[in-house]
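K.L.:
Encoded as structure tokens, here's the structure I'll be asking about.
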Amino acid sequence: LRPRGLDVISAFRVSWYNSHIESLGLPVKPLGSFGRKDAGAVIIGNSKAIWEPFVKAIVDDSALLNCSDPLDTYTQRSITQALGQDDLKVFKSDCFYSCDTGDRLVAMQRIAHMIGMAQLDENTHLSVHPTFGPWIGLRAVVVLDVDGDGWTENDEPGPPIANLLSDAEISAAKQALQEALDHSNTAKLCEELHGAHKEKSETKASWKYWIKLREVVELGKANHRYGEDQAEYHYTKNLAVLKRAVQSAGES
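Going by the numbering used here, the first residue of the sequence shown is number 747, and it counts up by one from there.
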């Protein structure tokens with residue numbers, strides 16, 4: 747998966763997640779374990795490293811542009827292909843993606859925080875990785891038909907990462923969050939930021955305020971910040987931005 751840009755990966759046990767969401771009272775369904783007492787699972791995410799292979803995949807197969815969400819499709823294909831490799835295809839698996847809703851919605855940020863993969867900062871609602879900072883995306887959880895006992899080095903999750911933000915960053919983040927909300931249509935926030943994947947001559951400027959929220963965090967910013975096309979596409983799903991990146995990659 748790493749050559750495909752899915753380079754943020756950690757193992758956990760289904761029982762950990764199910765106990766965690768129950769203790770928090772989260773309105774999500776527990777994960778199944780294929781009839782086992784416990785099962786092994788992995789959470790899969792990406793840093794900025796996903797952008798180049800994703801764009802190249804479209805250069806090689808332009809039909810990806812016609813998908814309802816090319817990045818989600820790319821992610822799903824990459825994971826499906828990985829699970830089809832000889833050392834994994836012997837196991838049954840159940841894949842949950844960040845785009846899933848309803849009974850298949852998984853609290854991925856909570857998993858990452860619980861197992862010490864990334865801190866869930868309550869001020870910014872961002873997952874902050876100890877290397878990449880907030881410049882990550884959590885893409886999928888895969889449950890495998892294997893015993894949870896022995897799947898991980900430790901019998902218990904975590905501990906969660908200590909606070910990665912300074913007091914000054916937390917204060918700045920609160921201000922940046924308020925500015926982003928002030929410049930957004932909060933009644934249609936998801937639609938405005940992550941609306942339908944379509945080509946737009948221009949996108950609402952509010953996404954720039956949301957990217958500033960991430961930029962408040964110094965950790966990872968110098969080396970792992972998304973490039974301009976990746977950042978704009980991440981927040982706007984503007985097909986024109988993706989086409990621009992594909993054209994540039996095709997010419998290089």
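In this text, a Cβ means the ideal position worked out from N, Cα and C, and glycines have one as well. None of the values given here were measured: they were computed from a predicted structure.
Does the Cβ-Cβ distance between Ser-844 and Met-860 come in under 8 Å?
P.N.:
The sequence position of residue 844 within the sequence shown is 98, counting from 1. The sequence position of residue 860 within the sequence shown is 114, counting from 1. Against a cut-off of 8 Å, the Cβ pair of Met-860 and Ser-844 comes out as no contact.
K.L.:
So, for Thr-847: in the same chain, excluding its five sequence neighbours on each side, which residues have a beta-carbon less than 8 Å away from its beta-carbon?
P.N.:
For the purposes of this step, residue 847 is identified with residue 101 of the sequence shown, where counting begins at 1. Excluding positions up to five away in sequence, the list is empty.
K.L.:
Quick check on DSSP: helix, strand or coil for Phe-780?
P.N.:
On the sequence shown, position 34 is the one that residue 780 refers to. DSSP places Phe-780 in coil when its eight states are reduced to three.
K.L.:
Which value, in whole angstroms, describes the spacing of the CA atoms of Asp-975 and Ala-864?
P.N.:
For this step, residue 975 is matched to residue 229 along the sequence shown. For this step, residue 864 is matched to residue 118 along the sequence shown. Answer to the nearest angstrom: the Cα atoms are 24 Å apart.
K.L.:
Hey, how far is the Cα of Asn-869 from the Cα of Ser-793?
P.N.:
Looking up residue 869 in the sequence shown gives position 123. Looking up residue 793 in the sequence shown gives position 47. Distance between the alpha carbons of Asn-869 and Ser-793 is about 21 Å.
K.L.:
Could you tell me whether any non-hydrogen atom of the ligand MG is closer than 7 Å to the CB of Ala-995?
P.N.:
As presented, the structure is devoid of all ligands, the ligand MG included, so that no description of it is given.
K.L.:
Which of helix, strand or coil does DSSP assign to Ala-995?
P.N.:
For the purposes of this step, residue 995 is taken as residue 249 along the sequence shown, with counting starting at 1. Here Ala-995 sits in helix by DSSP.
K.L.:
I think Asp-758 touches Ile-789, with their Cβ atoms under 8 Å apart; what is that distance to the nearest whole Å?
P.N.:
To locate residue 758, count along the sequence shown from 1; it is residue 12. To locate residue 789, count along the sequence shown from 1; it is residue 43. As written in the sequence, residue 758 is Phe, which differs from the Asp given in the question. Rounded, the Cβ-Cβ distance is 7 Å, consistent with contact.
K.L.:
Between Thr-898 and the rest of its own chain, which residues show a CB-CB distance below 8 Å, the 5 nearest in sequence each way excluded?
P.N.:
Walking along the sequence shown from the start, residue 898 turns up at place 152. Excluding residues within five positions, the ones whose Cβ falls inside 8 Å are Ala-757, Phe-758, Arg-759 and Gly-786.
K.L.:
Assess contact between the segment 868-883 and the segment 911-928, defined as three or more Cβ pairs (one per stretch) separated by less than 8 Å. Is contact present?
P.N.:
At 8 Å Cβ cutoff, the stretches touch.
K.L.:
Using the C-alpha atoms, what's the distance from Leu-777 back to Val-892?
P.N.:
Numbered from 1 along the sequence shown, position 146 holds the residue referred to as residue 892. Numbered from 1 along the sequence shown, position 31 holds the residue referred to as residue 777. The straight-line gap from Cα to Cα measures roughly 14 Å.
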